[in-house]
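Single-structure report; data block below.
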Amino acid sequence: MENKEIIMQELQEVVGSKYVRCDETEISIYTRTMGRLEDLGLRIRGMPVTAKADFVIYPENAKQVSEILKIANKHKIPVVPYGGGSAVFTGSVVPVYGGIVLETKRMDKVKYIDEDSLVVTAEAGIELFKLEEELNKRGFTHGHFGGGFYCTTLGGGIATNGAGRLSPKYGKIGDAVVGLEVVLPNGEIIRTLHVPHHSTGPELSRLFIGSEGILGVITEATIKIYPLPEERLFMSFLFPSVRNAFRAARMIIKQGLKPSLLRVHDENGWAFAPEFRYMRKELSLPEEKGSIMLLMFEGPSEIVKASERVTSAICKREEGKDLGGEPAKFWLDHAWWYFYPRRGPRPFWYGVVETATLFRNHEKLYFALKETLQSKYKDMIIMCDSTHHWHTGASLYFRMLLEKAPGNKSPIEVAEDIEDTAFRLFFKYGGTVSHHHNVGVRFAKYLPEQYGPAYQLLVALKKTLDPNNIMNPGKLVVI
Amino acid sequence: MELAKLREEIELCVYCLLCEHICTVGKHTHSMVDFPTGKCLVLWDIISGRRDFDERAIDTIYKCCQCRLCEAWCVPNAKVPDVIKAARAIVVELGKAPQYVLDIKGRIDKWGNPYGELPKPKVIKDKVDVLYFVGCATRYFHPEIIRSTTDILKILNVNFDFLDGVCCGAPLLFYGFVKDAKKMAEQTAEVINRVKCNTLLTSCPECYRMFKKEYKEWGVEVLPEVFHVTEYLAREKPAFKGEMLVKVTYHDPCALGRGMGIYEEPRRLLERIPGVKLVEMRWNREKANCCGGTLGVFPDLALEIARSRVAEAKETGAEMLLTTCPTCKRMFSLSERQIKVLDITEFIAQSIR
Numbered sequence: 265m266e267n268k269e270i271i272m273q274e275l276q277e278v279v280g281s282k283y284v285r286c287d288e289t290e291i292s293i294y295t296r297t298m299g300r301l302e303d304l305g306l307r308i309r310g311m312p313v314t315a316k317a318d319f320v321i322y323p324e325n326a327k328q329v330s331e332i333l334k335i336a337n338k339h340k341i342p343v344v345p346y347g348g349g350s351a352v353f354t355g356s357v358v359p360v361y362g363g364i365v366l367e368t369k370r371m372d373k374v375k376y377i378d379e380d381s382l383v384v385t386a387e388a389g390i391e392l393f394k395l396e397e398e399l400n401k402r403g404f405t406h407g408h409f410g411g412g413f414y415c416t417t418l419g420g421g422i423a424t425n426g427a428g429r430l431s432p433k434y435g436k437i438g439d440a441v442v443g444l445e446v447v448l449p450n451g452e453i454i455r456t457l458h459v460p461h462h463s464t465g466p467e468l469s470r471l472f473i474g475s476e477g478i479l480g481v482i483t484e485a486t487i488k489i490y491p492l493p494e495e496r497l498f499m500s501f502l503f504p505s506v507r508n509a510f511r512a513a514r515m516i517i518k519q520g521l522k523p524s525l526l527r528v529h530d531e532n533g534w535a536f537a538p539e540f541r542y543m544r545k546e547l548s549l550p551e552e553k554g555s556i557m558l559l560m561f562e563g564p565s566e567i568v569k570a571s572e573r574v575t576s577a578i579c580k581r582e583e584g585k586d587l588g589g590e591p592a593k594f595w596l597d598h599a600w601w602y603f604y605p606r607r608g609p610r611p612f613w614y615g616v617v618e619t620a621t622l623f624r625n626h627e628k629l630y631f632a633l634k635e636t637l638q639s640k641y642k643d644m645i646i647m648c649d650s651t652h653h654w655h656t657g658a659s660l661y662f663r664m665l666l667e668k669a670p671g672n673k674s675p676i677e678v679a680e681d682i683e684d685t686a687f688r689l690f691f692k693y694g695g696t697v698s699h700h701h702n703v704g705v706r707f708a709k710y711l712p713e714q715y716g717p718a719y720q721l722l723v724a725l726k727k728t729l730d731p732n733n734i735m736n737p738g739k740l741v742v743i
Numbered sequence: 019m020e021l022a023k024l025r026e027e028i029e030l031c032v033y034c035l036l037c038e039h040i041c042t043v044g045k046h047t048h049s050m051v052d053f054p055t056g057k058c059l060v061l062w063d064i065i066s067g068r069r070d071f072d073e074r075a076i077d078t079i080y081k082c083c084q085c086r087l088c089e090a091w092c093v094p095n096a097k098v099p100d101v102i103k104a105a106r107a108i109v110v111e112l113g114k115a116p117q118y119v120l121d122i123k124g125r126i127d128k129w130g131n132p133y134g135e136l137p138k139p140k141v142i143k144d145k146v147d148v149l150y151f152v153g154c155a156t157r158y159f160h161p162e163i164i165r166s167t168t169d170i171l172k173i174l175n176v177n178f179d180f181l182d183g184v185c186c187g188a189p190l191l192f193y194g195f196v197k198d199a200k201k202m203a204e205q206t207a208e209v210i211n212r213v214k215c216n217t218l219l220t221s222c223p224e225c226y227r228m229f230k231k232e233y234k235e236w237g238v239e240v241l242p243e244v245f246h247v248t249e250y251l252a253r254e255k256p257a258f259k260g261e262m263l264v265k266v267t268y269h270d271p272c273a274l275g276r277g278m279g280i281y282e283e284p285r286r287l288l289e290r291i292p293g294v295k296l297v298e299m300r301w302n303r304e305k306a307n308c309c310g311g312t313l314g315v316f317p318d319l320a321l322e323i324a325r326s327r328v329a330e331a332k333e334t335g336a337e338m339l340l341t342t343c344p345t346c347k348r349m350f351s352l353s354e355r356q357i358k359v360l361d362i363t364e365f366i367a368q369s370i371r
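Here the protein sequences come in this chain order: A and B. Residue 265 is where the first sequence starts when you use the numbering used here, and the numbers rise one by one after that. Residue 19 is where the second sequence starts when you use the numbering used here, and the numbers rise one by one after that.
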């Protein structure tokens, strides 16, 4: 990099020398998401694997972020906003073209909790875990318990539009946004309208939700909060087939029931997923085949009990065997258990693709992808979880496991082939490249096809707001 | 290389970020390098021959409290603290220990402990029931713990003497001077074993852990049965005088709790005191946050960590923060004293009959 010393000096003047790093260790760790992807056999396609950050910087407020972006614009160097670094599947925080990694975690204060308006305003670098702790002290919850709950930051969650386990009630984290403070690529600090809803032009916050840091840096967010529930009631049903479970889930939504947790795991998921093997052992559940549905209702006791009665009737109509509340409770209590690495030998390949589509395509897409992949990879175990149910449709989360190599293919070739096959089918059935994992650098090439003519809007936004293409280049929209 | 044996632990850790929310150091420095996953990535590169220890790598290796909180949350129990311990030994062996570590070693060489001059070991009785091993942190920073402990022993009519001015070797081991630590352990064990006694009592959880675990692993025999003072008193069941109408909270020292699994004895003791209301902090027992006390070479960071634990204690509404470790007491006392801080023995000495 040209002018590295000058840039270093300018950055130090903004945050102090302690908070700008360019030593080998710091740089390598903030570049290592890519290393992990390689190790997992998930190569970032078409990108220089030697990518390396030049600086890691730790600003403590929006003003400092603004100055950093001005410096980056002046020298035309990339800036990669960094939250918890948990988007390991997509490499959305990998500094593929070098430049500055902007670590946001020093911006971690809760600014205020408004108990009347039911909102919290916090700096974007606060971890969702810490924010939840602060809210719990006052009797509230934010409700967003995704896979990265222990490491995701508020800003990172919004920038990737993640979803938690209790999404049927609390929505995606993007749905919770009431207002944002964002530093635009030119260094301007803006605030979107902080109101419940409005009819005063487009909702500008939506521009930044899921934008993966390509349009600016989120420095503060005001999101919805909820009183901690009076009661929680768990339910679990084992259906003879995933078709019955899908039908029951659709009926629960159609009837206007509002579960906090509603998940369907298909027959292979229930049979082979490590969390269910563990659950069956711990709860001494019979080794019975089927597709499991896990539910939780929460809120005032009368509403919870009424919801239980209606749900129970729906599930029984679809031949669901009532397993009681314990499996669902156990699952939620161990919701992060299966994200931890395991000891022992690793399979040849393990991977995930996930999508969302309308209910009219949901079941068709499930069977189409399963049959297509199974015919290509006969020994592959394909498990599917319908993890997030919305008013109009649901997500599908496919976990795939190959114990042994299929012919001469390498793990990378297997990953690429499966993803490509999956995305073609997703598009055919109205699905998306991702429901909550985001696009990052790995899947950016599919976006023109995903959006069609609407892609030009994304490109125009990027070019207008960030003419020097400094913000997280290579991710989401490639220009 | 000892680290290579720990490769499995390192590899487990580099694929995961699920202790970012609790790492005592990382959540204060905010750097990915300082979380267990960052430290393990650095070491993974080193054992794979991709790079060597640089200044920042060494800095992060020493920026670990050894509190074992990451291990307590980790589903596969990745033994990152052991990895760090092994890495420090290598740094020392390679002659790359930073100056702040060498300064501590120099002080230990000079005074036999990392803090300063302490009384020379005095001649003690040949035969006692209980030998009270004072420990250097207790003597140097909080001699009032010695007074309260000996007061209690006297009230209980215990035939005891105390061994003062001797170090167990924990600081040497902590900074990676394994051979020196072993040597010190042998010398200390010899002094202890000269006294005919059944019980060796410690105030400091780190001394206790050293005697019970490290000495055992090294084959260094300590003849008497070793007890931490809370363990001993819970067994002795002292009688308490009238009511102490006070709300207290208890901080689990890492070496006693996660290090040795002693969580209930101190609580049982406190609950037996009439009138005492024990309220728990949000994070307690195996998930208790650390006081930061072992990070003496990074004093600002250590203090910040201590302050956040004191804030947790204050949130309980307790009037007193009790602990049973001289280092924890020191850290809490240094952190603006927003709450009264006492060692359990001081509290008990006030209420014992």
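Idealized CB from N, CA, C, for every residue including glycine. Note that the structure is predicted; figures quoted are calculated from it, not measured.
Could you name the residues that DSSP lists as bridge partners for residue i?
i	result
Gly563/A	Glu495/A
Gly615/A	Met664/A
Ala453/A	Note on residue identity: the sequence assigns Ile, not Ala, to residue 453/A. Bridge partners of Ile453/A: Val447/A.
Thr464/A	Answer by DSSP bridge pairing: none, since Thr464/A is not bridged.
His529/A	Ile556/A, Asp649/A
Leu218/B	Leu149/B, Val244/B
Ile487/A	Val384/A, Val441/A
Tyr346/A	Glu367/A
Glu391/A	Thr417/A
State the start and end residues of the unbroken beta strand (DSSP E) segment that holds residue i.
i	result
Leu181/B	178-181
His626/A	Looking at the DSSP string, His626/A is not in any beta strand (DSSP E); the run it does join, the alpha helix (DSSP H), is 623-640.
Ser650/A	645-650
Tyr750/A	No answer is possible for residue 750/A: the residues shown for chain A start at 265 and end at 743.
Asp361/B	358-361
Below 7 Å on C-beta distance, what does residue i contact in chain B?
i	result
Pro605/A	Leu30, Tyr33, Cys34, Pro94
Name the chain A residues that come within less than 8 Å of residue i, Cβ to Cβ?
i	result
Ala320/B	Chain A residues near Ala320/B: none, gap ~17 Å exceeds 8 Å.
Arg69/B	Glu288, Ser292
Since residue i meets chain A, which of its residues come closer than 7 Å, beta carbon to beta carbon?
i	result
Leu59/B	Ile293, Arg296
Going along chain B, which residues have a C-beta under 8 Å from residue i?
i	result
Arg370/A	His48
Gly348/A	Leu35, Glu38
Phe393/A	His39
Identify which residue in the options has its Cα closest to the Cα of residue i.
i	options	result
Asp287/A	Glu277/A, Met272/A, Glu452/A	Met272/A
Ile65/B	Asn175/B, Glu27/B, Cys92/B, His39/B	Glu27/B
Thr47/B	Thr295/A, Val284/A, Arg296/A	Val284/A
Glu20/B	Ile163/B, Lys114/B, Ala188/B, Gly194/B	Gly194/B
Thr341/B	Val266/B, Gly335/B, Leu313/B, Leu319/B	Val266/B
Leu287/B	Asn131/B, Lys230/B, Thr248/B	Thr248/B
Val43/B	Leu59/B, Phe350/B, Leu87/B, Ile170/B	Leu87/B
Lys334/A	Lys316/A, Val278/A, Gly347/A	Val278/A
Arg610/A	Tyr33/B, Ala22/B, Lys23/B, Leu24/B	Tyr33/B
Cys58/B	His39/B, Ala96/B, Cys85/B	Ala96/B
Met515/A	Trp654/A, Val742/A, Leu418/A	Trp654/A
Val741/A	Glu476/A, Glu683/A, Trp613/A, Leu587/A	Glu476/A
Pro271/B	Asp361/B, Glu89/B, Gln117/B	Asp361/B
State the start and end residues of the unbroken alpha helix (DSSP H) segment that holds residue i.
i	result
His246/B	Here His246/B belongs to no alpha helix (DSSP H); instead the beta strand (DSSP E) covers 243-246.
Ala423/A	418-424
Asp198/B	196-211
Lys81/B	Segment: none, Lys81/B is in no alpha helix (DSSP H) and carries neither H nor E.
Asp100/B	98-111
Asp597/A	590-597
So residue i contacts chain A; which residues on that side make the cut at Cβ distance below 9 Å?
i	result
Glu333/B	Lys401
Given that residue i touches chain B, what residues does it touch there, using C-beta distances under 9 Å?
i	result
Trp601/A	Val93
Glu367/A	His48, Ser49, Met50
Self-check item: Inter-stretch contact at 8 Å, needing at least 3 Cβ pairs: the stretch 215-226 of chain B / the stretch 147-155 of chain B
Solution: yes
Exercise. Pair every Cβ in the stretch 710-725 of chain A with every Cβ in the stretch 258-274 of chain B, then say whether three or more of these pairs are closer than 8 Å.
Key: no
Exercise. Specify whether the stretch 535-551 of chain A and the stretch 589-600 of chain A touch according to this definition: at least 3 beta carbon pairs, one from each stretch, less than 8 Å apart.
Key: yes
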